Structures are given as structure tokens and as C-alpha cells.
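Our numbering runs 35 ahead of the 1-based position in the sequence shown.
Note sheet for the following structure.
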Amino acid sequence: MKTFIFGLVFLGFTNLTAAQEVIASVNYDNSSFKSELTTPLKNSEYLSNFDTKNVSEVISDFQKYVANYDLANAKIYTSEDPSIYHISFSEGNNRVEATYNQEGALISCIEKYENVRLPLTISSKIARQYPDWEFNKVHCTIKYVKNSDAIIAYEVAIKKDSKRKTVKYTL
Numbered sequence: 036m037k038t039f040i041f042g043l044v045f046l047g048f049t050n051l052t053a054a055q056e057v058i059a060s061v062n063y064d065n066s067s068f069k070s071e072l073t074t075p076l077k078n079s080e081y082l083s084n085f086d087t088k089n090v091s092e093v094i095s096d097f098q099k100y101v102a103n104y105d106l107a108n109a110k111i112y113t114s115e116d117p118s119i120y121h122i123s124f125s126e127g128n129n130r131v132e133a134t135y136n137q138e139g140a141l142i143s144c145i146e147k148y149e150n151v152r153l154p155l156t157i158s159s160k161i162a163r164q165y166p167d168w169e170f171n172k173v174h175c176t177i178k179y180v181k182n183s184d185a186i187i188a189y190e191v192a193i194k195k196d197s198k199r200k201t202v203k204y205t206l
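Pasting the structure below:
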């Protein structure tokens, strides 16, 4: 009986000591403190040609990469010999053939993307023109030449049962 009472008293004291622990909790929300390292764009004229509503995020991200490409770090770059550089970028089925001058400025490029998201304006036009048809494939071709407007062309393959059509839009 003494052991039983001693055990209860011991358990009671351990419960009290656990209750006296100080627990500190800090909830730190860093969503308002996001910072990004930004560098000035070398080819901002190239990026300003595109409305982000008319291109998907995949295309926009790829274009930012092409615009920020540092030609001076390329193996083929030589500062002594004035040249024009043709650089090919690819990621999956997406390709960009870019031409840079000696200073690293983008002169022209041809971009080809497969199965990218259509802009809302084009997808809604197709949906209204071809009800009950489904989108099968999307190809986007962008042609850019410095000091002129970029040409964005979408080629959309649609299908309904065994019928297939290709619809083309140029922005």
C-alpha cells in the first residue's frame, strides 16, 4: 500500500513538473518578406514586345532566359573579333534560335513551342467557333527582329470524333 501511495504521489509531482515547462512558439510568416535579386535586363526591348496575356508562362519564362543570356560567358565568345553569334536554346519540345551582336544585344530570334497554353482570347474564339470540339495540339511560333513588332502565330489542332482541323491565329 505504501508503494501504491508513493507511486501516486510521484506521478502527481511529475505531472506538476511537466505543467511548469515553458513552451515558446513563434509563428513567422515570411510571405510578406520575399525578396528577389534582380538584375537589369540587357534586352528589355525584346521583352517589351510581348504582352503577358498573349503568351503562356512557359513562353514568358523562356523569353526571360533568352533576354538575360550572358554572351560574354559563352565558350565561343571572343571580344577581339566583331561577330554575330547564333545561339540555340532548347527545353523539351521548345526551341529558340537567337542571334546576338558583339555586345550581347538580341538582334533576332525564332521561337517554336509545342503544347503550350493558349491565350484566353484565342481559346474562347475557337470554343465559340467550334463548339463540342476539343483541343488536341498547340504550336506557337514567334518571330522577332529588333526594332520591329514580334509576330506571334498559333496553330491549334482540334478534333471532334474522327474529324480533325487545324486553326491558325496570328497576333
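Virtual Cβ for every residue (Gly too), placed ideally from N, Cα, C.
For clarity, every value in this text was computed on a predicted model and none was experimentally measured.
Span separating the alpha-carbon of residue i from that of residue j
{"i": "A109", "j": "N182", "result": "25 Å"}
{"i": "I157", "j": "Y189", "result": "9 Å"}
{"i": "Y112", "j": "A140", "result": "13 Å"}
{"i": "S159", "j": "Y179", "result": "26 Å"}
{"i": "K200", "j": "R163", "result": "15 Å"}
{"i": "S79", "j": "S91", "result": "18 Å"}
{"i": "V173", "j": "D116", "result": "41 Å"}
{"i": "I193", "j": "K77", "result": "39 Å"}
{"i": "V191", "j": "F170", "result": "7 Å"}
Residues near residue i by beta carbon distance below 6 Å, same chain, minus five either side
{"i": "I142", "result": "T134, N136 and K181"}
{"i": "N128", "result": "E149"}
{"i": "Y81", "result": "A102 and L141"}
{"i": "E56", "result": "With a pLDDT of 44 at E56, under the threshold of 50, the modelled position of that residue is not reliable, and no figure is offered here."}
Nonlocal neighbours in the same chain, by C-beta distance under 7 Å from residue i, ignoring five residues either side
{"i": "L206", "result": "N89 and I187"}
{"i": "T38", "result": "none"}
Integer-rounded CB distance, given that residue j should sit under 8 Å from residue i
{"i": "E149", "j": "V131", "result": "Incorrect: roughly 13 Å between the Cβ atoms, too far for contact."}
{"i": "V202", "j": "V151", "result": "Not a contact, Cβ separation roughly 15 Å."}
{"i": "E138", "j": "F97", "result": "No, E138 and F97 are not in contact; Cβ-Cβ is about 22 Å, not under 8 Å."}
Contacts around residue i, its chain only, beta-carbon distance under 8 Å, and the 5 residues preceding and following it disregarded
{"i": "K100", "result": "Reading off the sequence shown, one finds Tyr at residue 100, where the question assumed Lys. Same-chain partners within the cutoff: F124."}
Where in the segment 85-156 do unbroken runs of the beta strand (DSSP E), each at least 3 residues long, occur, reported from the N-terminal end onward?
-> 120-126, 129-135 and 141-149
So does the segment 115-126 actually touch the segment 87-106, counting three or more Cβ pairs closer than 8 Å?
-> yes
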